[in-house]
Structure formats: C-alpha cells, structure tokens
C-alpha cells in the first residue's frame, strides 16, 4: 500500500513539473526589441499605439473598435522606425489580451513617451542600396524613350516607319 502511495505521489509530481515547463516564453524577441527582457511577452509602442506579442510574433492593434492580431505590421505603420521608437515592456501582465488595459497604458505612456534608455537586441538593418545601373523608369530614361528625345526633330512616333 505504501509503494502504491509513493508511486502516485511521484506520478503527480512529474505531471505537475511537465505542466510548469510547458508555460515558457517560446517566441524570439525581434531585433528591435529592448535588451534584457527575454522573458517578457508584450511590448506597448506608445508612438503608434499598438502592442507586440513576442510569444506569437504578432502585432495587436485597434482597427475601428476591433482588436486585431497580425504577423505583419499594419500598412499605416510600415514607415515607423521600430529601432528608434520607445518600447514599454509589460512585465506585469500575464494574460492574452494586453489591450484590456489599453486606457491605462495610453494615459500612462502617451505618444512621444520616453522612459529609461533602451538598447535594441540587434542592430538596425541597413537599407539596400540600388545596384549601379538599375533602371527605375522601366528603361524610359534619357536616350531610352520612345522617339521623343531632343534630337528627334522629325516628330515621328518612335518606331513608326513610313
């Protein structure tokens, strides 16, 4: 009888330990995320009034009264510099809906808010330079037009041969 009780206690402790181990932050913070907060699940970005879910790699934002989760940043924020903007790390929240405190977050961290200095986890990627000789006008640059150059005095329409 004692062996059965001991086996039951061991089984319960192993099961409990397995449950605790599953509840860890499996998401990788983005390179623009602040250093030193590897266990945090959410950032609030006051400049653009959105949340970032590190675990699920999703942006959470209000879209006409409906909170939306997206893997890509919404189009209206694509020019936002995530490396320069301040990120509020929400260490005190453990649920799935950080926006349930949106009114509080917005009041406490208004647009332009800057707290303690932050270092990003990674460097800001450099913008890719356009390769030399790359034509952005579909080949219609000077000398490559359709017969409308300054030297085209016969006023023909390019390839129209008479």
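Residue numbers (this note's numbering): 30 to 191. No residue lacks a Cβ here, since even glycine has one placed at the ideal position from N, Cα and C.
Whose C-beta lies closer than 6 Å to the C-beta of residue 132 among residues of the same chain, with five residues either side of it excluded? As a working note, residue 132 is residue 103 in the chain shown. Counting only Cβ-Cβ distances below 6 Å, and skipping sequence neighbours, we find nothing.
Where does residue 70 land, buried or exposed, given buried means 16+ other C-beta within 10 angstroms? Translated into positions along the chain shown, residue 70 becomes position 41. With 16 or more Cβ atoms within 10 Å of its Cβ, residue 70 is classed as buried.
Residues bridged to residue 87 by DSSP? As a first step, residue 87 is located in the chain shown; it is residue number 58 there, counting from the start. Paired residues: 82.
Which residues in the same chain have their Cβ closer than 7 Å to the Cβ of residue 100, if we skip the five residues on either side of it in sequence? Here residue 100 refers to the residue found at position 71 when the chain shown is read from its first residue. Within the same chain, residue 100 has close Cβ partners 86 and 87.
If you draw a straight line from the C-alpha of residue 78 to the C-alpha of residue 140, how long is it? The residue labelled residue 78 in the question sits at position 49 within the chain shown. The residue labelled residue 140 in the question sits at position 111 within the chain shown. When rounded, the separation of the alpha-carbon atoms in residue 78 and residue 140 is 7 Å.
Residue 152 versus residue 94: straight-line alpha-carbon distance, rounded: For the purposes of this step, residue 152 is taken as residue 123 along the chain shown, with counting starting at 1. For the purposes of this step, residue 94 is taken as residue 65 along the chain shown, with counting starting at 1. Computed Cα separation, rounded: 35 Å.
Out of curiosity, what's the CA-to-CA distance linking residue 58 and residue 97? As a working mapping, residue 58 is identified with position 29 in the chain shown. As a working mapping, residue 97 is identified with position 68 in the chain shown. Cα to Cα, residue 58 sits roughly 20 Å from residue 97.
Rounded to the nearest angstrom, how far is the Cβ of residue 72 from that of residue 102, given a contact under 8 Å? Locating residue 72 in the chain shown gives position 43, where the first residue counts as 1. Locating residue 102 in the chain shown gives position 73, where the first residue counts as 1. Not confirmed; about 13 Å, so no contact.
Proximity of residue 150 and residue 62 at Cβ, strictly below 7 Å: In the chain shown, counting from the first residue as 1, residue 150 sits at position 121. In the chain shown, counting from the first residue as 1, residue 62 sits at position 33. For the 7 Å CB-CB criterion, residue 150 and residue 62 form a contact.
Mind checking which residues open and close the beta strand (DSSP E) that includes residue 98? Taking the chain shown and counting its residues from 1, the one referred to as residue 98 is at position 69. 95-99 is the span of the beta strand (DSSP E), which, as asked, contains residue 98.
According to DSSP, residues forming a beta bridge with residue 71: By one-based count along the chain shown, residue 71 stands at place 42. Paired residue(s): 82.
Pick out whichever of 84, 147, 65 and 157 has its Cα sitting closest to the Cα of residue 116. On the chain shown, position 87 is the one that residue 116 refers to. For the residues 84, 147, 65 and 157, the minimum Cα distance to residue 116 belongs to 147.
Pick helix, strand or coil for residue 63, following the three-state DSSP scheme. What you label residue 63 is simply residue 34 of the chain shown in a count that begins at 1. Residue 63: strand per DSSP, three-state reduction.
What separation, rounded to the nearest whole angstrom, lies between the Cα atoms of residue 125 and residue 76? As a working mapping, residue 125 is identified with position 96 in the chain shown. As a working mapping, residue 76 is identified with position 47 in the chain shown. So the two alpha carbons sit approximately 22 Å from each other.
What does the Cβ neighbour count give for residue 83, buried or exposed, with the cut at 16 atoms within 10 Å? Taking the chain shown and counting its residues from 1, one reaches residue 83 at position 54. The residue in question, residue 83, is buried, as its Cβ has 16 or more Cβ neighbours within 10 Å.
Go ahead and label residue 154 buried or exposed: buried means 16 or more other beta carbons lie within 10 angstroms of its beta carbon, across all protein chains shown. In the chain shown, residue 154 corresponds to position 125, counting from 1. By the neighbour-count rule (16 or more Cβ atoms within 10 Å), residue 154 is not buried but exposed.
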